[in-house]
Amino acid sequence: MSASLFKIGAGRRAKTKLSDLAATAPDGKKKKSAAAMRMMGDMQELDLPFNCKLNLPDKDDLMNFSVVIQPDAGYWKGARYTFAFEVSDQYPYKPPKVRCLEKIWHPNIDLQGAVCLNILKESWRPVLNVQNVVHGLIFLLLDPNPADPLNQGAAEIMRNDISTFENNVKLSLRGGVVQGVQFPRNMFV
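Just so we're aligned: the sequence shown equals residues 195 to 383 in this note's numbering.
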């Protein structure tokens, strides 16, 4: 089928959108959205490293899942962090929403689990996918960026006193209190 048949590429003049075509089948039954179809492809191509695990609670809902990452190096080596992904119907034009479910003392992840990763914000492009986000999360756990923080306290200590930063991370992983915040134990090695 040619692009002209579907009037794709005509911008605002297009009368038929690809997402409209995906919405209903000829027999009138509801079909998967364009975002869900893209997610099916992304999931089929997903190649997680050995230290990551995909959790898909509902195999029929690829738009909500989690990835568990257990860093094998860096400050958080041996800990496990679960990142919940919520993919909207605007995907891939809008990035997935990603939250860390465990409390972590990290410059780029706040205490409520919000993640500061450039590809989840202004650097997102439709050619990016879940694989890119997972690799970005792994990189954040290996090499945090104190220049673009969500947790200002952790970032300031990392910039000014790296040994105190490292000790605070270790204390948080053992279930200690850092800057007045109690952390759950998170050590598996």
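Backbone N, C-alpha and C define an ideal beta-carbon position, used for all residues, glycine too. Nothing here was measured: the structure is a model prediction, and the numbers come from that model.
Quick check: what's the CA-CA separation for residue i versus residue j?
i: glycine 374; j: glutamate 350; result: 16 Å
i: isoleucine 263; j: isoleucine 332; result: 7 Å
i: serine 366; j: methionine 231; result: 40 Å
i: glycine 307; j: glutamate 296; result: 7 Å
i: valine 371; j: alanine 348; result: 13 Å
i: proline 251; j: lysine 225; result: 21 Å
i: valine 281; j: leucine 334; result: 21 Å
i: glycine 205; j: glycine 268; result: The predicted position of glycine 205 is uncertain, since its pLDDT is 39 and thus under 50; no value can be drawn from it.
i: proline 320; j: methionine 233; result: 12 Å
i: leucine 240; j: asparagine 323; result: 9 Å
i: aspartate 304; j: glycine 235; result: 31 Å
i: valine 363; j: alanine 229; result: 38 Å
i: leucine 336; j: tryptophan 270; result: 8 Å
i: methionine 257; j: asparagine 345; result: 28 Å
i: phenylalanine 359; j: serine 227; result: 45 Å
i: proline 378; j: glutamate 316; result: 32 Å
i: arginine 368; j: aspartate 355; result: 20 Å
i: asparagine 361; j: glutamine 376; result: 15 Å
Mind reading off the beta-carbon distance from residue i to residue j? Whole number of angstroms is fine, and I expect it under 8 Å.
i: arginine 318; j: proline 343; result: The sequence as given places tryptophan at residue 318; arginine does not occur at that position. About 19 Å separates the two Cβ atoms, so there is no contact after all.
i: arginine 353; j: proline 338; result: Between proline 338 and arginine 353 the Cβ distance is about 11 Å, and since that is not below 8 Å, they are no contact.
Measuring alpha carbon to alpha carbon, tell me which of the options ends up nearest residue i.
i: histidine 329; options: Ala348, Asn245, Ser227 and Met234; result: Asn245
i: methionine 237; options: Lys225, Lys253 and Gln346; result: Lys253
i: phenylalanine 277; options: Met233, Asp355 and Cys310; result: Cys310
i: valine 327; options: Pro340, Glu360 and Ile313; result: Ile313
i: lysine 291; options: Val261, Lys271 and Ala273; result: Val261
i: phenylalanine 259; options: Pro320, Cys294 and Met352; result: Cys294
i: phenylalanine 279; options: Asp255, Trp270 and Asn380; result: Asp255
i: proline 243; options: Asn361, Gln325, Gly272 and Met352; result: Gln325
i: asparagine 380; options: Asn249, Gly272, Asp266 and Pro340; result: Gly272
i: leucine 248; options: Tyr275, Phe382, Lys315 and Gln346; result: Tyr275
i: phenylalanine 382; options: Ala341, Ser227 and Pro265; result: Pro265
Of all Cβ atoms in chain C, is any one closer than 7 Å to the Cβ of residue i?
i: threonine 358; result: Structure shown: chain C not included; a single protein chain is present.
Given 8 Å as the limit, is there contact between the segment 278-287 and the segment 299-306, that is, 3 or more CB pairs closer than that?
-> no
Unbroken stretches of the alpha helix (DSSP H), 4 residues or longer, contained in the segment 231-298 = Segments of the alpha helix (DSSP H) lying fully in the segment 231-298: there are none.
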